[in-house]
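J.:
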Amino acid sequence: AQTVTQSQPEMSVQEAETVTLSCTYDTSENNYYLFWYKQPPSRQMILVIRQEAYKQQNATENRFSVNFQKAAKSFSLKISDSQLGDTAMYFCAFILDSNYQLIWGAGTKLIIKP
Amino acid sequence: SQTIHQWPATLVQPVGSPLSLECTVEGTSNPNLYWYRQAAGRGLQLLFYSVGIGQISSEVPQNLSASRPQDRQFILSSKKLLLSDSGFYLCAWSVGTPNRPQHFGDGTRLSIL
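Structure representation (C-alpha cells):
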C-alpha cells in the first residue's frame, strides 16, 4: 500500500530563517509525481511545488525548493527567507502515473514567528 | 483563467437530514473533478472523482454519493447524514492526465448536530 509520512507534527521558526519540512513515502511503483501543498488558516489548499519522480533535478519555485531522494523515498521541502505569510499546514502528497488518487500525509503545522 | 466555486462555506445540519454540496469550475473544459474530506488536523481523504459527465468513481464506501450533471458541475449528496459525516469538504479540479496538479475550492465546513 502507498503511504506518506510527515514526521514533524509542528515546527516554528523566526521570520527570515530557513526551514526544512520532511516527508517520506512508500510505493513499489516507479512512475509517480510528488507535491507539496500549503493550507493557511483560511483553509484553502494551495499548490506549492511539484516534482516528477523520473527527473533527478530538484524542483524550485522562488523561495521553495525540494530535496528529492528517490532511492530513500524522501521528498523534503525547504523554505528560504521565511515570511509570516508562510504560516500554514503543509501537506506532502504523491500520485501514481496511472491513478487519480492523491495519497496525502498528515501534515506539518509551520509557524513563522515575527 | 480557471476558477472554482464551492458552496456553501459553512453548513450545520441535523442527523438524518439530506445534504447537497455544489462545486463548479469556470474557464476550462472537461476537467477532472474531485471531492475530498478532511478530518481535523489530518490530510485529505479522496471520496469521489470524475473524469467526465456521468462518470463517477468512489474511493471510500459511505452514505455519500456524487453526481456530475454537467461538464463543470460536481455535486456531493447524502440522503441521511450521520454524525461521522462532520468535517471539511473540499472540491478540486485538474485537467489532463492524473499527475497534473489539482486545484482546490475554498471548502465547506459541515457540522452535524
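Protein sequence lines correspond, in order, to chains A and W.
Going by my numbering, the first sequence opens with residue 1365, and the numbers climb by one from there.
Going by my numbering, the second sequence opens with residue -11, and the numbers climb by one from there.
Here a beta-carbon is modelled for each residue, glycine too, at the ideal position from N, C-alpha and C.
All of these numbers come straight from a predicted model, not from anything done at the bench.
Determine, using beta carbons only, whether lysine 1429 of chain A and isoleucine 1413 of chain A come nearer to each other than 9 Å.
T.: Note on identity: in this sequence residue 1429 of chain A is serine, with lysine being the wrong assignment. In contact: serine 1429 of chain A and isoleucine 1413 of chain A (Cβ atoms closer than 9 Å).
J.: Between the C-alpha atoms of glutamate 1381 of chain A and isoleucine 63 of chain W, what's the straight-line distance to the nearest angstrom?
T.: Straight-line Cα distance between these residues: approximately 43 Å.
J.: Taking the C-alpha atoms as reference points, what is the distance between leucine 7 of chain W and leucine 35 of chain W?
T.: Distance between the alpha carbons of leucine 7 of chain W and leucine 35 of chain W is about 15 Å.
J.: Strictly under 9 Å for the Cβ-Cβ distance: is glutamine 1372 of chain A near chain W by that measure?
T.: Cβ-Cβ to chain W under 9 Å: no for glutamine 1372 of chain A.
J.: Does the beta-carbon distance from tyrosine 1454 of chain A to lysine 1473 of chain A come in below 9 Å?
T.: For tyrosine 1454 of chain A and lysine 1473 of chain A, yes; Cβs fall inside 9 Å.
J.: At a CB-CB cut-off below 8 Å, which residues of chain W make contact with arginine 1414 of chain A?
T.: By Cβ distance, chain W contributes Pro89.
J.: With a threshold of 8 Å on Cβ separation, who are the neighbours of alanine -3 of chain W within its own chain once the five nearest residues in sequence on each side are excluded?
T.: Taken in chain order, the residues that qualify are Asp94, Gly95, Thr96 and Arg97.
J.: DSSP beta-bridge partners for threonine 1384 of chain A?
T.: The partner list for threonine 1384 of chain A (beta bridge, DSSP) reads A:Lys1442.
J.: Using Cβ-Cβ distances below 9 Å, what residues of the stretch 1386 to 1402 of chain A are close to chain W?
T.: If the cut-off is 9 Å between Cβ atoms, the stretch 1386 to 1402 of chain A has Asn1395, Tyr1396, Tyr1397, Phe1399 and Tyr1401 near chain W.
J.: Show which residues of chain A have a CB atom less than 9 Å away from the CB atom of tyrosine 37 of chain W.
T.: The contacting residues are Tyr1464 and Gln1465.
J.: Using beta-carbon positions only, say whether glutamine 1366 of chain A and serine 1386 of chain A come within less than 9 Å of one another.
T.: Contact flag unset, no.
J.: At the 9 Å Cβ level, is methionine 1375 of chain A part of the contact set with chain W, yes or no?
T.: No, its Cβ sits nowhere closer than 9 Å to a Cβ of chain W.
J.: Assess, as a yes-or-no matter, whether the stretch 12 to 25 of chain W is touched by the stretch 68 to 88 of chain W under the definition of 3 or more beta carbon pairs within less than 8 Å.
T.: Enough Cβ pairs lie closer than 8 Å, so yes.
J.: How close, in whole Å, do the beta carbons of aspartate 1445 of chain A and tyrosine 1396 of chain A come, if the pair is a contact with beta carbons under 8 Å?
T.: So it is not a contact: roughly 30 Å between Cβ atoms.
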